[in-house]
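Visitor:
There are 2 protein chains.
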Amino acid sequence: MKTAIKTRRADNFAEWYQEVIREADMAEHSGVRGCMIIKPWGFAIWERIQRRLDDLIRATGHHNVCFPLFIPIELFEREAKHVEGFAKEMAVVTHHRLVERDGKLVPDAELESPLIVRPTSETIIGEAMAKWVKSWRDLPLMLNQWCNVVRWEMRPRLFLRTSEFLWQEGHTAHAGRDEAIEETRRMLEVYRQVVEDDMRMPVIRGTKTPGERFPGADDTHTIEAMMQDGRALQAGTSHFLGQNFARAAGIQFQDKGGELKHAFTTSWGASTRLVGALIMTHADDDGLRLPPTIAPTQVLIVPIARDDAARAEVMPAAEALAKRLRALRFRDEPLRVGVDARDDSGANKRWAAIKKGVPVIVELGPRDIAAGAVTYTRRDAIAEKHQGIAMDAFAASLPETLGAIDEALWRQALDYRKAQTVEGIRSYDDLAAHFRSEAGTGFVHGKLAPEGETGDRLQAIGVTVRCLPYEQSGTSGTCLVSGRPATQDAVFAKAY
Amino acid sequence: MKTAIKTRRADNFAEWYQEVIREADMAEHSGVRGCMIIKPWGFAIWERIQRRLDDLIRATGHHNVCFPLFIPIELFEREAKHVEGFAKEMAVVTHHRLVERDGKLVPDAELESPLIVRPTSETIIGEAMAKWVKSWRDLPLMLNQWCNVVRWEMRPRLFLRTSEFLWQEGHTAHAGRDEAIEETRRMLEVYRQVVEDDMRMPVIRGTKTPGERFPGADDTHTIEAMMQDGRALQAGTSHFLGQNFARAAGIQFQDKGGELKHAFTTSWGASTRLVGALIMTHADDDGLRLPPTIAPTQVLIVPIARDDAARAEVMPAAEALAKRLRALRFRDEPLRVGVDARDDSGANKRWAAIKKGVPVIVELGPRDIAAGAVTYTRRDAIAEKHQGIAMDAFAASLPETLGAIDEALWRQALDYRKAQTVEGIRSYDDLAAHFRSEAGTGFVHGKLAPEGETGDRLQAIGVTVRCLPYEQSGTSGTCLVSGRPATQDAVFAKAY
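Chains A and B supply the protein sequences, listed in that same order.
Note that my numbering has the first sequence beginning at 1, numbered continuously upward.
Note that my numbering has the second sequence beginning at 1, numbered continuously upward.
This is the structure in structure tokens:
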């Protein structure tokens, strides 16, 4: 069977991924190494994710702010561990002027001290918090910003690894350790909610091993999703920073007893990478598939008209139908309904909508109008065209149809993860054999002894510990890395 | 009479402006030269402006996108006129790595060719449009992005002149000249709508003289507002770029007849500067005043409780009142109602709300609750406390009260502009005498001959032509610069 995406997932996942993005017209590489252009459809998807996240971030008591793009190099020097993790690849501003010389533009006016384009903002926000926080009354301080950050990428991939990316970064300061840990977990739950309930991507919640933590953090909590090539993708992280950043920046407060103490801080972020994860979770060999809550357009009406006369009849009917459907609601929001009024064939327009992942595609021609009916396609099952469906019945069941599509995407992603999860591995050799085999992907659930360095042996087989799941079985077994007795459950996988 | 802002507008406008921002806790300078930190209240105001603008930008058929932060230096070399206007002060990225040397971090890995942090994105968006546009079917192409831009500032002022600022920049390409000019004017009207109808700042719409145009534009349309020191502030501009950028970037299309033509492009922007303009239009000697549509909190309830027992009674009553008021609507949106639950005195909390510009401040104590009444203050008239107002009557008239505040702010701004507008000046000497005098500010409406250089003589008195208003009287007179006969009306002013 011919598919809309030339390369199939099973044949070349990376190539398929690029083609899905191109065919859905979501994004492309720019002339600037590692920086992408997010086009209208890709950006609208990001805006949907953003809106859902932003609502929950506000509802949990955070305030949006805006800190500078540039960070003085000195601020990075303060926090040694943090720098180790990031210092490698950052964009450095050294001049603040251009002048023309021999017909070419060249940098001029060198800065006394270089500025770093933020790779993340713990340092500069920490500096401000140190100024703002004086007493326990000033805590908790709960901030969030939506912004661009830059981490130079040598091997860029659209949405997944780009030198510039968009994200939100939350930063909070608290009087007590427990309260900060609670915040760290609360925000991971916010991520889980958006990723699972809205984006319909099943995730495993857990903490990172010391070697996989955010540079400078005491603990990193993560949600790990599985892509359709069996690899893991970290879909959101929330860091308990202990007093490390507070000490480096001097975030101190007088407690109720008058004693001066360092605050406990957290940070947490989710980025445009989520758009890449959404594609790799739900897209198929015919292009993107979008869960209705995230779809910028949930229902697209494709007017079918062979000539101007037909067009004059069909266009107003399409608009009238759109208006009618917009009065319906799905999950407390009015339906997002579009009409594809472009001058192209019905078949081309239907396929364009399929490749963009629109959940429900309605075809409306003169014959449908005469019969008071529509023809529609569910994106999760395009083989079947629902023809001659009475318009009233179609409209009445539309929210339910969207719910069914939502559920189908969730179910398929869950089934895929289940099929790609391996439980029985008991030794490093078996682990290595699994990941070295042809079909060796997916999540391996196994034991990990808490001490010792796991990095080298796992690195040799291209595997990382994705997380130590919140849900621990409590059983005993053998550590898959060291072979020692171990009770701690861990998830091992190749990862993005 | 003592005022909440120490410095009065009339005494030192610049100092007053800084204090209003500080007392309302809106923003502050960061350690990075010229870059500000926008704090929660300042950012929430920007988000309100942003939401209103974004809604209208979408409603006029534009799509949000995201282009890279960095622009290759070569792209600037292509568009000579554009570079002249901007080349001076831009942040230049020259390295993409940091390394530690002698315990200090230093830039490493020099880029082959420097990258510019975007001061505006005509060049990079033009390059993409050249790739995307092939035929008349691809036009119009109507894009918008919300982003940060950087123009190095030597004398920064919060919101008004910062090296990094936030804005939206719209970029469109059209097949025909008239259509592009129509778009240019349509977007100016969008700006007028948000600035006048929502922010309640009266503006004059017009076009810029050639010397004041955007670098590379054929025509620049502007809305000019008057600040409370009589100076003009450009509150939004919309540029008709003709075929200049299309030629530089190669944006060509095949028209219906198969002929290859250059597109006509436009660009238009409005920035965080608007927050500064809002302050300088509406704030008074007691702090900020916000029009209800823009106020993040329209009604703040201040619980009055001297002890824990009173607090236990008042807090639930305050929350219940807030809930009740949130069910009301103002201009198609539910009311935004807050409760100030902080542990501080009622008087302090009331003054904090006054300085933040909250339109309606409600005090609620045990006696009010017993009487089923409230005490409230309108921010536009804080001298009068409305005491013992029955809660039902207060709630019922609240949308009307907000409407009255909205109208009062508009009326006062309009009256101020009227009082500061001078009509009778007929010669350059009188113009110079006016602007050199103690009270020499405001808008001078006068004639300007269309030809010749006006820059030098006006520069000598610190004045610019703000615009050639859309509404022309058609009368004859004498050019205020050259003394020649002239029919064209112009607005002269000192400006931000």
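Yeah, the Cβ is synthetic: ideal placement off N, Cα and C, and Gly gets one too.
Predicted model, so just to flag it, every value in this text is computed and none were measured.
Do we get a CB-CB distance below 9 Å when we pair Arg-9(A) with the residues of chain C?
Guide: The question asks about chain C, but that chain is absent: this structure's protein chains are A and B.
Visitor: Could you check which residue in Thr-123(B), Gly-230(B), Gly-242(B) has the C-alpha nearest to that of Ala-419(B)?
Guide: Here residue 419(B) is taken as the residue at index 419 of the second sequence, counted from 1. When only C-alpha atoms are compared, the closest one is Gly-230(B).
Visitor: Just to confirm, is the Cβ distance from Ser-30(B) to Phe-76(A) under 9 Å?
Guide: Taking the second sequence and counting its residues from 1, the one referred to as residue 30(B) is at position 30. Taking the first sequence and counting its residues from 1, the one referred to as residue 76(A) is at position 76. Cβ atoms of Ser-30(B) and Phe-76(A): not closer than 9 Å.
Visitor: Along chain B, in chain order, which residues have C-beta atoms closer than 7 Å to that of Ser-135(A)?
Guide: As a position in the first sequence, residue 135(A) is number 135, starting the count at 1. What Ser-135(A) touches in chain B: nothing, since even the nearest Cβ is about 11 Å away.
Visitor: Which residue or residues does DSSP assign as beta-bridge partners of Gly-170(B)?
Guide: Along the second sequence, one-based indexing puts residue 170(B) at 170. According to DSSP, Gly-170(B) bridges with Asn-144(B), Trp-268(B).
Visitor: Would you kindly report the start and end of the unbroken beta strand (DSSP E) that includes Arg-466(A)?
Guide: Residue 466(A) sits at position 466 when you count from the first residue of the first sequence. Run containing Arg-466(A): 464-469, per the beta strand (DSSP E) assignment.
Visitor: Is there a C-beta anywhere in chain B that falls below 9 Å from the one on His-95(A)?
Guide: Here the question's residue 95(A) lines up with position 95 in the first sequence. It does: the Cβ of His-95(A) has a partner Cβ on chain B nearer than 9 Å.
Visitor: Can you tell me whether Met-280(B) is buried or exposed, with buried defined as 16 or more other CB within 10 angstroms of its CB?
Guide: Indexing the second sequence from 1 puts residue 280(B) at position 280. Under the 10 Å beta carbon count, Met-280(B) is surrounded by 16 or more other beta carbons and is classified as buried.
Visitor: So is Cys-147(B) in contact with chain A if we call contact Cβ pairs under 9 Å?
Guide: For the purposes of this step, residue 147(B) is taken as the residue at position 147 of the second sequence. With 9 Å as the cut-off, Cys-147(B) counts as an interface residue toward chain A.
Visitor: Using 8 Å as the Cβ pair cut-off and three pairs as the minimum, do the region 86-99 of chain A and the region 39-51 of chain A touch?
Guide: In this structure the region 86-99 of chain A does not lie against the region 39-51 of chain A, because fewer than three pairs of beta carbons, one per stretch, are closer than 8 Å.
Visitor: I'd like to know if Val-150(A) contacts chain B, where contact means its C-beta is closer than 9 Å to some C-beta of that chain.
Guide: Position 150 of the first sequence, counting from 1, holds the residue named residue 150(A). Closer than 9 Å: yes.
Visitor: What is the C-beta distance between Gly-287(A) and Glu-15(A), in whole angstroms, given that I count them as a contact (C-beta under 8 Å)?
Guide: The residue given as residue 287(A) occupies position 287 in the first sequence. The residue given as residue 15(A) occupies position 15 in the first sequence. With 8 Å as the limit, Gly-287(A) and Glu-15(A) do not qualify as a contact, their Cβ atoms being about 14 Å apart.
Visitor: When the Cα of Ile-361(A) is compared with those of Lys-355(A), Glu-423(A), Arg-378(A), which residue comes out closest?
Guide: Reading the first sequence from its first residue, position 361 is the one you call residue 361(A). With distances taken between Cα atoms, Ile-361(A) lies closest to Arg-378(A).
Visitor: In this structure, how does DSSP classify Gln-228(B) when only helix, strand and coil are distinguished?
Guide: Position 228 of the second sequence, counted from the first residue, corresponds to residue 228(B). Gln-228(B) falls in the coil class under three-state DSSP.
Visitor: Determine, for Met-36(A), whether the minimum Cβ-Cβ distance to residues of chain B falls below 9 Å.
Guide: To locate residue 36(A), count along the first sequence from 1; it is residue 36. By this cut-off, Met-36(A) is an interface position.
Visitor: How is the alpha helix (DSSP H) around Gly-276(B) delimited, first residue to last?
Guide: Taking the first residue of the second sequence as 1, we reach residue 276(B) at position 276. In this chain, the alpha helix (DSSP H) harbouring Gly-276(B) covers 273-282.
Visitor: Where Pro-399(B) and Leu-290(B) are concerned, what is the direct C-alpha to C-alpha distance, given to the nearest angstrom?
Guide: As a first step, residue 399(B) is located in the second sequence; it is residue number 399 there, counting from the start. As a first step, residue 290(B) is located in the second sequence; it is residue number 290 there, counting from the start. Computed Cα separation, rounded: 15 Å.
Visitor: Strictly below 8 Å CB to CB, what residues from chain B border Pro-40(A)?
Guide: Along the first sequence, read from residue 1 onward, the residue named residue 40(A) stands at position 40. Taking the beta carbon of Pro-40(A) as reference, the chain B residues within 8 Å of it are His-63, Asn-64, Val-65, Leu-143, listed in sequence order.
Visitor: Rounding to the nearest angstrom, what Cα-Cα distance links Gly-126(B) and Arg-331(A) in this structure?
Guide: As a first step, residue 126(B) must be located in the second sequence, where it is residue number 126. As a first step, residue 331(A) must be located in the first sequence, where it is residue number 331. Cα to Cα, Gly-126(B) sits roughly 40 Å from Arg-331(A).
Visitor: Counting only the same chain and skipping the five closest in sequence on each side, list residues whose C-beta sits under 6 Å from that of Ala-249(B).
Guide: Reading the second sequence from its first residue, position 249 is the one you call residue 249(B). Here the set comprises Gly-126, Glu-127, Ala-130.
Visitor: At least one CB of chain A closer than 9 Å to the CB of Trp-16(B): is that the case?
Guide: Locating residue 16(B) in the second sequence gives position 16, where the first residue counts as 1. Closer than 9 Å: no.
Visitor: Please indicate yes or no: does the CB of Glu-438(B) lie closer than 8 Å to some heavy atom of the ligand HEM?
Guide: For the structure depicted, the ligand HEM is absent and the ligand set is empty, with no information on it obtainable.
Visitor: I'd like to know whether the C-beta of Leu-56(B) is nearer than 9 Å to at least one C-beta of chain A.
Guide: Translated into the one-based positions of the second sequence, residue 56(B) becomes position 56. Not one chain A Cβ lies under 9 Å of Leu-56(B).
Visitor: Does the region 58-66 of chain B touch the region 137-152 of chain B, meaning 3 or more C-beta pairs lie closer than 8 Å?
Guide: The region 137-152 of chain B, when compared against the region 58-66 of chain B, does touch it at the 8 Å Cβ threshold.
Visitor: In whole angstroms, give me the CA-to-CA distance for Ala-404(B) and Trp-410(B).
Guide: As a position in the second sequence, residue 404(B) is number 404, starting the count at 1. As a position in the second sequence, residue 410(B) is number 410, starting the count at 1. Roughly 10 Å separates the two Cα atoms.
Visitor: Mind listing, in chain order, the continuous alpha helix (DSSP H) runs of no fewer than 4 residues lying wholly within the region 296-348 of chain B?
Guide: For the region 296-348 of chain B, whole alpha helix (DSSP H) runs of length 4 or above, ordered along the chain, are 308-326.
Visitor: Tell me which same chain residues have a C-beta within less than 6 Å of the C-beta of Arg-161(A), skipping the five on either side of it?
Guide: Indexing the first sequence from 1 puts residue 161(A) at position 161. Glu-153.
Visitor: For Arg-177(B), is the classification buried or exposed, using 16 other Cβ atoms within 10 angstroms of its Cβ as the cut-off for buried?
Guide: In the second sequence, the residue the question calls residue 177(B) occupies position 177. Answer is exposed; the Cβ neighbour count stays below 16.
Visitor: Taking the alpha-carbon positions, what's the Arg-213(A) to Gly-276(B) distance?
Guide: Residue numbering aside, residue 213(A) sits at position 213 when the first sequence is read from its first letter. Residue numbering aside, residue 276(B) sits at position 276 when the second sequence is read from its first letter. One C-alpha to the other measures close to 41 Å.
Visitor: So what does DSSP say about Ser-482(B), is it helix, strand or coil?
Guide: In the second sequence, counting from the first residue as 1, residue 482(B) sits at position 482. DSSP places Ser-482(B) in coil when its eight states are reduced to three.
Visitor: What did DSSP end up calling Phe-165(B) once you bin it into helix, strand or coil?
Guide: If you number the second sequence from 1, residue 165(B) lands on position 165. Phe-165(B) falls in the strand class under three-state DSSP.
Visitor: What does the alpha-carbon distance come out to for the pair Asp-340(A) and Glu-333(B)?
Guide: Your numbering for residue 340(A) matches position 340 in the first sequence. Your numbering for residue 333(B) matches position 333 in the second sequence. Going from the Cα of Asp-340(A) to the Cα of Glu-333(B) covers about 30 Å.
Visitor: Beta carbon of Pro-485(A), beta carbon of Pro-114(B): below 9 Å?
Guide: For the purposes of this step, residue 485(A) is taken as residue 485 along the first sequence, with counting starting at 1. For the purposes of this step, residue 114(B) is taken as residue 114 along the second sequence, with counting starting at 1. Between Pro-485(A) and Pro-114(B), the C-beta spacing is not below 9 Å.
Visitor: Answer yes or no: does any C-beta atom of chain B fall closer than 9 Å to that of Lys-104(A)?
Guide: As a position in the first sequence, residue 104(A) is number 104, starting the count at 1. Closer than 9 Å to some Cβ of chain B, the Cβ of Lys-104(A) qualifies, so yes.
Visitor: Taking the beta carbon of Gly-216(A) as the centre, do at least 16 other beta carbons fall within 10 Å, making it buried, or is it exposed?
Guide: Along the first sequence, one-based indexing puts residue 216(A) at 216. Burial check for Gly-216(A): the Cβ neighbour count within 10 Å reaches 16 or more, so the residue is buried.
Visitor: Leaving out five residues on either side along the sequence, give the residues of the same chain with a beta carbon under 6 Å from the beta carbon of Trp-268(B).
Guide: Numbered from 1 along the second sequence, position 268 holds the residue referred to as residue 268(B). These residues qualify, in order along the chain: Gly-170, Met-187, Ser-238.
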